[in-house]
Amino acid sequence: MGIETNLADRKGKQFYELAKETKTSSKPRKNRRRQRKMSPVQKLFETCKEVFAFGGTGIVPPPENIERLRSVLDVMKPEDVGLKPAMPYFRMIVGEKTPAITYLHLYECEKFSMGIFCLPPSGVIPLHNHPGMTVFSKLLFGTMHIKSYDWVVDFPCETPTIVKPSEKVRLAKVKVDADYNAPCNASILYPADGGNMHCFTAVTACAVLDVLGPPYSDPAGRHCMYYLDHPFSKFSVDGLSVPEEEREGYAWLEEREKPEDIAVVGALYSGPKFVEN
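Be aware that the sequence shown starts at 883, since it is given in my numbering, and climbs by one per residue.
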């Protein structure tokens, strides 16, 4: 992908006029060209490239770089990536049991990926994890319910409850359980904090721009796992006690196969182009 940049405005200028320019006068012209405003999507790409330059599994960028990328995402709008709520991606189809979610792929390398999920009303991205990853999510428009969890690391016993010999569940703490309305700031999750396991449910048609660093990779051991969440009261563990009024803040997450009813289809990104350099 690339952007065609207009290097100079030559309308009404003759060759001899250009030849008369001195080196002193040409420097401001070059500076003005270099300082030409960068498009939002180009700025996002360039910032991601710098922020995740030395990234890898479990490596969280320094706080100042986290804030740099967050500040770029916070001000991004649907039009910056060529989206409008009236597009077909966001329409419900009559008689469709599970609304199809469209994924617009912008970019991916071993360090990071950028993409947009387009959800019709009631569209759901099931509860899933982000192993060893730092993830930025920017709601571009609409209302979305986000529920997220982090693992309880100070588990009072060595192994979680075993429901059946082949099915294990693990205790998690609720990090977020709320509706988000655009415009709003980007949310961030980390490898062990910030709601690493989350579920998105579209209250209205909405679009969310996702930046993952690093992206999912089966060869690198970053597999996408899906979960069922069970109320805390469903299971018990010797030595584990949580006050009744706090139990809604915990849940048991059970690994599951990829849900059969999830429908995510890929589509070509047709928004403003950016230069991959």
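Heads up, the beta-carbon is just placed ideally off N, CA and C, and yes, glycines get one too. Just so it is clear, the structure is predicted and the values come from calculations on it, not from any experiment.
- Judged by pairs of C-beta atoms under 8 Å, the segment 1070-1082 does not touch the segment 916-935, as fewer than three such pairs exist.
- Under DSSP, Gly-1095 takes part in a beta bridge, and its partners are Thr-1016.
- Contact between Phe-972 and Val-1090 is ruled out by a C-beta separation of about 12 Å, above the 8 Å threshold.
- For Leu-1001, no alpha helix (DSSP H) encloses it; the enclosing beta strand (DSSP E) starts and ends at 995-1001.
- Non-local beta-carbon contacts of Gly-1153 in its own chain, meaning distances under 6 Å to residues more than five positions away in sequence, involve Val-963 and Gly-964 in chain order.
- The C-alpha of Gly-938 is placed about 12 Å away from the C-alpha of Cys-991.
- Around the beta carbon of Pro-1113, fewer than 16 other beta carbons sit within 10 angstroms, so the residue counts as exposed.
- When DSSP states are grouped into helix, strand and coil, Arg-1129 belongs to the helix group.
- Between Thr-984 and Val-1147, the C-beta gap is smaller than 8 Å, which places the two residues in contact.
- The three-state secondary structure of Ser-1069, taken from DSSP, is strand.
- With contact defined as three or more Cβ pairs closer than 8 Å, the segment 995-1010 and the segment 1052-1067 are not in contact.
- Residue pairing by DSSP places Ser-1152 in no beta bridge whatsoever.
- Leu-986 is bridged by DSSP to Ile-998 and Ala-1149.
- In the same chain as Ser-1115, and ignoring 5 residues on each side of it, the C-beta atoms closer than 7 Å to its own belong to Arg-1129, in chain order.
- Annotation for Lys-1020: Leu-955, Met-958, Ala-1068, Val-1090 and Leu-1091 place their beta carbon closer than 7 Å to its own, counting only its chain and skipping 5 residues before and after.
- Val-933 sits in a helix when the DSSP states are folded into three classes.
- The beta carbon of Ile-1144 lies closer than 7 Å to those of Pro-1008 in the same chain, with the five residues before and after it left out.
- In this structure, the beta-carbon distance from Arg-950 to Ile-1070 does not fall below 8 Å.
- Distances from the alpha-carbon of Pro-1101 to those of Ser-1118, Pro-1013 and Cys-1088 put Pro-1013 closest.
- Secondary structure note for Val-957: it is in no beta strand (DSSP E), with a DSSP letter that is neither H nor E.
- Taking the C-beta atoms as reference points, Leu-986 is found nearer than 8 Å to Ala-1149.
- Closest in C-alpha terms to Gly-1103, from the list Ala-968, Phe-1082 and Asn-1011, comes Asn-1011.
- Comparing alpha-carbon positions, the option among Val-1034, Pro-1097, Val-1017 and Phe-1156 lying closest to Val-1124 turns out to be Val-1034.
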